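Heads up: the sequence lines are chains X and P, in that order.
Counting from 1, position 96 in the first sequence corresponds to residue 96 in the numbering used here; the numbering is continuous, with no gaps.
One gets the numbering used here by counting positions in the second sequence from 1 and adding 249 to each.
Glycine included, every Cβ here is placed at the ideal spot set by N, Cα and C.
Since the structure is predicted, the reported quantities are computational estimates derived from the model, not experimental observations.
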Amino acid sequence: MISLAEVQAFCTAANAASTPQTLMHAVQEITARMGFRYFALVHHIDLLAPDGTGIRLVHYPHEWVEAFEEGRLYASDPIHRASQTTNVGFAWSKVATMITLNARDRAVLAAARIAGLGNGFTIPAHIPGETNGSCSFAMGEGDDMDDAQLPLVQLVGSFAFEAARKIAHAAASPIPAVPQLTERQIECVALVARGKTDWEIARILGVGAETVTQHLKDARDRYGVTKRTMLAIRALFDGAISFADILRR
Amino acid sequence: MVVTGNGIEQALGDRVFRSMFEERKRVFVDLLGWDIPTLAGRYEIDQFDDDEAVYIVITDDSGEHCGSARLLRTDRPHILDTIFPHLCEDGPPAGPAVREITRFCLARRLRARDRLVTRNRLISALVRHALHHGITAYTGVAEWAWFQQILAFGWVCVPLGLPSISDPHSLSAMRIDISPETPRLLRQSGTFEPIHLMDLDRAAA
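In structure tokens:
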């Protein structure tokens, strides 16, 4: 059982870490202190795909890492999917109560057990405007997880993810400014996201259909996309429009 | 624009702060359902809105309130030591160089993009205020989802107690360390927004 003071010391150390290696060591050390054997600190994106700013600090059994990457489980992994449904940490044994598991999910979970992973605890990391990620700690097969210290594990997971994010940000080129849309463009994009056609948007806003078409063309140009679906998704991702704009009004 | 107000009396005499108290009522009472007092059913004002409270307000070009926070001294009664002392394992950090951030509020009328910009301006203004006034740490309480976002602003945070893992709405306490390095950290995380400070005394003069 670790203490809050140890967690605080970890937060300070993680925060001061300027390279993935230093952070990796700090996380490795506290993982063992918390009684876990493995951890994975990842963005839920395909890390084999070229890009570069994704976070990936993994200490898992070899067999599992290979199976995971071969199956490209980044977004479809049941643990990752369950983590999209909550803000707080959850034990893997609860996953079946959080999402509907299909045959493939059950096969993934069984394969993880065969690779030597026991029960685990995952802390979601949802930052608006960024790819979802999570920090997971896992026991060895057959080891018992100490529920009493899970609140401490949640703190460690959050601070570890934030430290990794900081390192990834520092290595990446400065964050490009997100395109700015005009008020009118935002209104049009929000209506696109609600499934409206240009003609319908024109009726709703009381302007001509050509005007709407032009607003949406300008908005697509600002994002450098060619499809209205992509425009709506980009605007939603970076916060120009919110789910409330689409679902509530 | 950033407007700073000192004490409730000065605040109540000024339009921008009155609209802040109105917005606080819309956010904390109407939206979040907090069980806190209102004045004339219109303003959210509690026992901590006194002569020592400091208000940091972000306004738009026309001087309308967009977002605000209230700073409380920690060497006298404040929220963490009065209402939530159990959230700190070793007692709330307190002293002349520590302020508590409370009533962090963004106007409900703002669209998602403007909320984000206002939020970043408010964070940047809080850091600037701390550096100008010799404040070395802020404290605060937040629900877990908000706690994670505060952490992601890029400044240095330390947890003061344990979160509840069964209730996502339960509160956690944190300390935020402020140093001359902090603006750079905010910039690195994309949180920093250039701001223009204005003291109400000077503005009125």
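Could you confirm whether any beta carbon from chain P is found closer than 8 Å to the beta carbon of residue i?
| i | result |
| --- | --- |
| Pro151(X) | yes |
| Thr85(X) | no |
| Val192(X) | no |
| Ile241(X) | yes |
| Leu57(X) | no |
| Ala49(X) | Because the pLDDT of Ala49(X) is 49, which lies under 50, any placement of that residue in the model is unreliable, and the number read from its coordinates should be weighed accordingly. Chain P contact via Cβ: absent. |
| Gln185(X) | no |
| Val225(X) | no |
| Gly157(X) | no |
| Asp245(X) | yes |
| Arg165(X) | yes |
| Ala125(X) | yes |
| His169(X) | yes |
| Cys135(X) | no |
| Glu162(X) | yes |
| Gly89(X) | yes |
| Asn119(X) | no |
| Val7(X) | yes |
| Leu4(X) | yes |
| Asn15(X) | yes |
For residue i and residue j, what's the separation of their Cα atoms in angstroms?
| i | j | result |
| --- | --- | --- |
| Leu101(X) | His80(X) | 12 Å |
| Ala17(X) | Cys337(P) | 26 Å |
| Gln90(X) | Ala138(X) | Contrary to the premise, residue 90(X) reads as Phe rather than Gln in this sequence. Each residue's Cα considered, the two are about 12 Å apart. |
| Ile2(X) | Leu152(X) | 8 Å |
| Pro78(X) | Glu141(X) | 18 Å |
| Arg357(P) | Pro432(P) | 27 Å |
| Ile244(P) | Leu109(X) | The question about residue 244(P) has no answer here: the residues shown for chain P are numbered 250 through 454. |
| Ala374(P) | Leu359(P) | 19 Å |
| Gln296(P) | Ala379(P) | 23 Å |
| Arg442(P) | Glu70(X) | Checking the sequence shown, residue 442(P) turns out to be Glu, not Arg. So the two alpha carbons sit approximately 42 Å from each other. |
| Leu288(P) | Ile294(P) | 6 Å |
| Arg291(P) | Phe353(P) | 18 Å |
| Trp64(X) | Ala394(P) | 30 Å |
| Leu117(X) | Val58(X) | 13 Å |
| Cys11(X) | Glu210(X) | 55 Å |
| Pro326(P) | Leu435(P) | 30 Å |
| Glu162(X) | Ala401(P) | 6 Å |
| Val42(X) | Gln185(X) | 35 Å |
| Leu281(P) | Arg113(X) | 42 Å |
| Glu313(P) | Phe266(P) | 10 Å |
| Ser268(P) | Trp283(P) | 19 Å |
| Ala49(X) | Phe68(X) | At Ala49(X) the pLDDT is 49, less than 50, meaning the model places this residue with poor confidence; the figure from the coordinates comes in the next sentence. Computed Cα separation, rounded: 14 Å. |
| Met230(X) | Thr367(P) | 26 Å |
| Val405(P) | Pro286(P) | 33 Å |
| Ala219(X) | Asp263(P) | 39 Å |
| Thr226(X) | Ala111(X) | 41 Å |
| Thr97(X) | Asp416(P) | 16 Å |
| Ala9(X) | His335(P) | 21 Å |
| Val95(X) | Arg362(P) | 34 Å |
Looking at the C-beta of residue i, does it have a partner C-beta in chain X at a distance below 8 Å?
| i | result |
| --- | --- |
| Leu365(P) | yes |
| Pro341(P) | no |
| Ser428(P) | no |
| Arg370(P) | no |
| Val405(P) | yes |
| Glu442(P) | no |
| Glu338(P) | yes |
| Gly410(P) | yes |
| Leu400(P) | yes |
| Trp393(P) | yes |
| Ser373(P) | no |
| Ile257(P) | no |
| Ser413(P) | yes |
| Ala386(P) | no |
| Ser311(P) | no |
| Pro334(P) | no |
Return the Cβ separation of residue i and residue j in integer angstroms, given the expectation that the two are a contact with Cβ distance under 8 Å.
| i | j | result |
| --- | --- | --- |
| Ala343(P) | Asp330(P) | 7 Å |
| Ser428(P) | Pro408(P) | The pair is not a contact, with the Cβ atoms about 19 Å apart (cut-off 8 Å). |
| Thr122(X) | Trp92(X) | 7 Å |
| Ala240(X) | Leu181(X) | 5 Å |
| Ile250(X) | Ala148(X) | Absent from the model: residue 250(X). The displayed extent of chain X is 1 to 249, so no value can be given. |
| Ala391(P) | Arg424(P) | No, Ala391(P) and Arg424(P) are not in contact; Cβ-Cβ is about 12 Å, not under 8 Å. |
| Ile414(P) | Val88(X) | 5 Å |
Is the closest heavy atom of the ligand ATP to the C-beta of residue i under 7 Å?
| i | result |
| --- | --- |
| Ile241(X) | Here there are no bound small molecules, and the ligand ATP is not part of this structure. |
> Going along the chain, which unbroken runs of the beta strand (DSSP E) with 3 or more residues stay wholly within the region 117-172 of chain X?
Replying inline: 117-125, 133-140
> Are the region 252-270 of chain P and the region 290-306 of chain P touching by the rule of at least three beta carbon pairs closer than 8 Å?
Replying inline: yes
>> For the region 27-38 of chain X against the region 153-162 of chain X, do three or more pairs of beta-carbon atoms, one drawn from each stretch, fall closer than 8 Å, so that the two count as touching?
In response: yes
> What are the uninterrupted segments assigned as beta strand (DSSP E) that are 3 or more residues long and contained completely in the region 276-330 of chain P, given in chain order?
Replying inline: 303-308, 314-322
> What are the uninterrupted segments assigned as alpha helix (DSSP H) that are 4 or more residues long and contained completely in the region 358-415 of chain P, given in chain order?
Replying inline: 361-381, 393-401
>> Taking 8 Å as the cut-off, does the region 228-246 of chain X touch the region 191-200 of chain X (at least 3 CB pairs, one atom from each stretch)?
In response: yes
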